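Trainee:
Residue numbers (our numbering): 477 to 587.
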């Protein structure tokens, strides 16, 4: 019996640790740095799977693991017009007084 409980607990924790939602491929129209944060504005409309007060922009937090790589990929996507994929984990605060999605992973797509 204890092995079953341990297995279920490990399954729940590993699922929660990797939980996140992808929003698919987008085109970026602006990468803004404001108050030490980076905000990605998309040219294409995006869904709001997390139910944040605003779906756009998407926040990158400089203290998050992989921030430098996500920021670099966002700048590359903006300057080249390539499609960009984002995965979101939670709603976070914004300077506009409303919650916005926060990304934890990103990918630059080939043509």
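Where is the CB? At the ideal position from N, CA and C, for every residue including glycine.
Small disclaimer: the values here were computed from a predicted structure and weren't measured.
Taking 7 Å as the threshold (C-beta atoms), are residue 579 and residue 562 in contact?
Mentor: Closer than 7 Å, so yes.
Trainee: Roughly how many angstroms lie between the CA atoms of residue 554 and residue 547, to the nearest whole one?
Mentor: Those two C-alpha atoms are separated by around 11 Å.
Trainee: Under the rule that 16 or more other beta-carbon atoms within 10 Å means buried, what is residue 533, buried or exposed?
Mentor: Buried, by the Cβ-count rule.
Trainee: Please report the distance separating the alpha-carbon of residue 503 from that of residue 512.
Mentor: Distance between the alpha carbons of residue 503 and residue 512 is about 23 Å.
Trainee: Quick one: which unbroken beta strand (DSSP E) runs of 3-plus residues sit fully inside the segment 515-573? Chain order, please.
Mentor: With a minimum length of 3 residues, the continuous beta strand (DSSP E) runs that stay inside the segment 515-573 are 534-536 and 560-568.
Trainee: Residue 566: buried (16+ other C-beta within 10 angstroms of its C-beta) or exposed?
Mentor: Its Cβ having fewer than 16 others within 10 Å, residue 566 is exposed.
Trainee: Less than 7 Å between C-beta atoms, sequence neighbours within five positions excluded: which residues of the same chain meet that for residue 518?
Mentor: If we look at residue 518 and ignore the five residues flanking it on each side, its Cβ neighbours are 502, 503, 504, 505 and 532.
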